[in-house]
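With the working numbering applied, the sequence shown covers 1 to 535.
Have a look at the structure below before the remarks.
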Amino acid sequence: SFGSLMGALLTLITPLVVQASSPAKPDSSIEKRIRNLLERMTLEEKIDFLTGDRIKTNTVRAEGIKGIPRLRIPKYLIVHGPCGLKGRYPSANQKLVNGTWFSSSIMLASSWNPQLVQTVLSAMGYEMKRAGASANAGPSLNIIRDPRGGRSFEYFTEDPYLNGRMAVAYVKGLQSQKVMATLKHFVCNNQECNRNVINVKVSERALREIYLPGFRDAIVEGQAASVMAAYNRLNGIYCCENAFLLSKVLRDEWGFQGFVMSDWRATHSTEQTAMAGLNLEMPTERWYGRKMLAAVKQGKISKQLVDKLVSDILRMMIKFGVFEEAPGRSEIASQRPDCVAVARRAAEEEIVLLKNEGNLLPLDAGQLSSLAVIGPNGEYGPHFNAGDYDSTLVQGGGSAHAPVSRQQVVTIFQGLQEKLGTKIKVTYAPGCYAETGCGPIPARYLRTPDGKHQGLELKFYENARGEGKPVQTAIVKYVRQKRGKKLDIPQENNPPKNVKRVFWEWNAILDVPTTREYTFELRGSGGPAKLYING
Numbered sequence: 001s002f003g004s005l006m007g008a009l010l011t012l013i014t015p016l017v018v019q020a021s022s023p024a025k026p027d028s029s030i031e032k033r034i035r036n037l038l039e040r041m042t043l044e045e046k047i048d049f050l051t052g053d054r055i056k057t058n059t060v061r062a063e064g065i066k067g068i069p070r071l072r073i074p075k076y077l078i079v080h081g082p083c084g085l086k087g088r089y090p091s092a093n094q095k096l097v098n099g100t101w102f103s104s105s106i107m108l109a110s111s112w113n114p115q116l117v118q119t120v121l122s123a124m125g126y127e128m129k130r131a132g133a134s135a136n137a138g139p140s141l142n143i144i145r146d147p148r149g150g151r152s153f154e155y156f157t158e159d160p161y162l163n164g165r166m167a168v169a170y171v172k173g174l175q176s177q178k179v180m181a182t183l184k185h186f187v188c189n190n191q192e193c194n195r196n197v198i199n200v201k202v203s204e205r206a207l208r209e210i211y212l213p214g215f216r217d218a219i220v221e222g223q224a225a226s227v228m229a230a231y232n233r234l235n236g237i238y239c240c241e242n243a244f245l246l247s248k249v250l251r252d253e254w255g256f257q258g259f260v261m262s263d264w265r266a267t268h269s270t271e272q273t274a275m276a277g278l279n280l281e282m283p284t285e286r287w288y289g290r291k292m293l294a295a296v297k298q299g300k301i302s303k304q305l306v307d308k309l310v311s312d313i314l315r316m317m318i319k320f321g322v323f324e325e326a327p328g329r330s331e332i333a334s335q336r337p338d339c340v341a342v343a344r345r346a347a348e349e350e351i352v353l354l355k356n357e358g359n360l361l362p363l364d365a366g367q368l369s370s371l372a373v374i375g376p377n378g379e380y381g382p383h384f385n386a387g388d389y390d391s392t393l394v395q396g397g398g399s400a401h402a403p404v405s406r407q408q409v410v411t412i413f414q415g416l417q418e419k420l421g422t423k424i425k426v427t428y429a430p431g432c433y434a435e436t437g438c439g440p441i442p443a444r445y446l447r448t449p450d451g452k453h454q455g456l457e458l459k460f461y462e463n464a465r466g467e468g469k470p471v472q473t474a475i476v477k478y479v480r481q482k483r484g485k486k487l488d489i490p491q492e493n494n495p496p497k498n499v500k501r502v503f504w505e506w507n508a509i510l511d512v513p514t515t516r517e518y519t520f521e522l523r524g525s526g527g528p529a530k531l532y533i534n535g
């Protein structure tokens, strides 16, 4: 239980040794229950069950399977870690719930202590279960290979053996709270740049010695419930439709009894993906759904395969008690004191000193009169995010980002001030900007083309060239493809139904603060982007 693990944390010394075990035999009572459900489900319901959807509960909004009420098949809710409970898609009438901000995966691995990792994940799983979660989108098990990889903090290590030990501990801790682990991104998603289309060429020996062991250990020893197939191609074949990975390796070699979902909008086909063994298309219908139904009716996909894909999901839902505990059953108190204690204890053990020239550290407070903290991540200020608060100053972004309020964050500068009191003067200087690249232009320097408002004029078109009249318009602070509270602009890579291409256009007058040379930067994904100056 979480309580016993919490008590054990105070006397944590010995690392956990995980023994290999054979895959568990199917539970006959579970299999009988699955057969009963399959007999009662229509073909349309089965295919709908293999297609993800937006899920609303009374605590969080996330993605998953919407369930089948008439058969009392509950919703399957995936929340996003792997560093803590992250509420998704908040709305004005719903409370956005976030949990304790735990250590990033690379910090967990720095402890070299599987028992500590298992304890941390038990605490995280406890909070997720309290929020009604069925599963966590983690752990991330990709090997750290490129220092430019933007999600390296979300992965454990560059070492295959350590990766496996951390993976097993993570899965066991999380699943001890009846929250399913989702191993991602299977496999070789070792860079973010162009990961949607990149072809990773790797020998089978390197694959088995470096990239697969962490996933193998998490499945064979940790008994992980689910796997997320990656965006990229592996030796020419997209991972979501790669039968070698999803059938031969996962099922035949490792005895995997769980199910496989796609990364978000990572599918590229219907028949090939289904026959490779991908159970669940996420986050919404793209190649499954109506296209799969048509393929079944045309005899391209067998009904027996559909039953197999559905069975794998039902098996884990029954095993983990999802039928008994429907998502959204209770609220969660963010920043629970006992979970915060686990997070702090873990952070203390995980910190690694990389350099200490001349044995300068530890500093003798009795010999100091002043101390300077220099660096853009040491404190908030105008050097970061134009002065607006954002917790990415002290943690990574993306799906691993666990939002916390400014009051819950203690920066390095604030911590030293609190520790040293008034006896030693602690000063701060950013030294440089903390942005990645140029950063957004502050809205105070921007005016709409008519000169009446601060910010940019945004026009949204439901065609690829910005032709005709815009469907919607708004005044915004930054150039971002995100939903706004007043303007329902579709998310990037997620256009409205029945609209294949969309077009955004931002226009503004830039009033620079001083005359000098400026560098402009424009980034885009999901399509071409152009920047016009004085055009």
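For glycine and all other residues, C-beta sits at the position ideal for the given N, C-alpha and C.
Since the model is a prediction, treat every value here as computed from it, not as a measurement.
Runs of the beta strand (DSSP E) lying entirely within the region 171 to 204 and spanning at least 3 residues, in chain order: 180 to 186. By the Cβ neighbour-count rule, Asp450 is exposed, with fewer than 16 other Cβ atoms within 10 Å of its own. In the three-state reduction of the DSSP assignment, Gly214 falls in the helix class, which pools H, G and I. Within its own chain, the residues whose Cβ lies closer than 6 angstroms to the Cβ of Ala266, once the five positions on either side in sequence are excluded, are Tyr231, Cys240, listed in chain order.
Within the DSSP bridge table, the entry for Ala429 names Ile374 as partners. Between Asn359 and Ile313, the CB-CB gap reaches or exceeds 7 angstroms. Residue range 337 to 350 is occupied by the alpha helix (DSSP H) that includes Val340, with no beta strand (DSSP E) assigned at that position. Here Tyr238 is bridged, per DSSP, to Arg233. Residue burial annotation: Ala206 is exposed, with fewer than 16 other C-beta atoms found within 10 angstroms of its C-beta.
The Cβ-Cβ distance between Ala343 and Phe102 falls below 7 angstroms. Per DSSP, the continuous alpha helix (DSSP H) segment holding Glu271 begins and ends at 271 to 276. Excluding five sequence positions before and after Arg465, the CB atoms of its chain that fall closer than 8 angstroms to its own CB belong to Phe503, given in chain order. Put simply, the region 179 to 193 touches the region 206 to 221. At least three CB pairs are less than 8 angstroms apart.
The Cβ atoms of Met292 and Asp263 lie no closer than 7 angstroms to each other. A contact is defined here as three or more CB-CB pairs under 8 angstroms, and the region 406 to 419 fails this definition with respect to the region 157 to 168.
The beta carbon of Thr273 is closer than 7 angstroms to those of Cys240, Glu241, Thr267, Trp287 in its chain, skipping five residues each way along the sequence. Counting C-beta pairs closer than 8 angstroms gives three or more between the region 39 to 56 and the region 299 to 310, which meets the contact rule. Within its own chain, the residues whose Cβ lies closer than 8 angstroms to the Cβ of Val179, once the five positions on either side in sequence are excluded, are Gly125, Met128, Lys129, Ala133, Ser134, Ala135, Asn136, Phe320, listed in chain order. Measuring C-alpha to C-alpha distances from Asp146 to each of Glu158, Pro139, Ser140 identifies Glu158 as the nearest. When beta bridges are read from the DSSP output, Trp504 appears opposite Phe460. Of all alpha-carbon atoms in Ile68, Ile34, Thr100, the one lying nearest the alpha-carbon of Glu45 is that of Ile68.
The region 106 to 113 and the region 343 to 352 touch, with no fewer than 3 CB-CB distances between them shorter than 8 angstroms. One alpha carbon belongs to Glu63, the other to Ala218, and they sit about 23 angstroms apart. Going by beta carbons, Gly173 and Gln118 fall inside the 7 angstroms limit. The alpha-carbon separation between Arg195 and Cys188 amounts to approximately 10 angstroms. With respect to Ala225, Met316 sits close: the two C-beta atoms are nearer than 7 angstroms. Secondary structure within the region 241 to 306: the alpha helix (DSSP H) runs of 4 or more consecutive residues, fully enclosed, are 271 to 276, 290 to 297 (chain order).
In the three-state reduction of the DSSP assignment, Ile34 falls in the helix class, which pools H, G and I.
The beta-carbon distance between Val352 and Asn377, rounded to whole angstroms, is 17 angstroms. This is too long to meet the 8 angstroms contact definition. Within its own chain, the residues whose Cβ lies closer than 7 angstroms to the Cβ of Leu246, once the five positions on either side in sequence are excluded, are Ala229, Val260, Ala276, Gly277, Leu278, listed in chain order.
Less than 7 angstroms divides the Cβ of Ile143 from the Cβ of Ile210.
The beta carbon of Trp506 sits closer than 6 angstroms to the beta carbons of Leu456, Leu458, Val479 from its chain, once the five residues preceding and following it are set aside; these are given in chain order. Take the alpha-carbon of Ile65 and the one of Thr392: they are about 30 angstroms apart. Within the DSSP secondary-structure output, Thr51 pairs in a beta bridge with Glu281.
The beta carbons of Leu522 and Leu510 sit no closer together than 7 angstroms.
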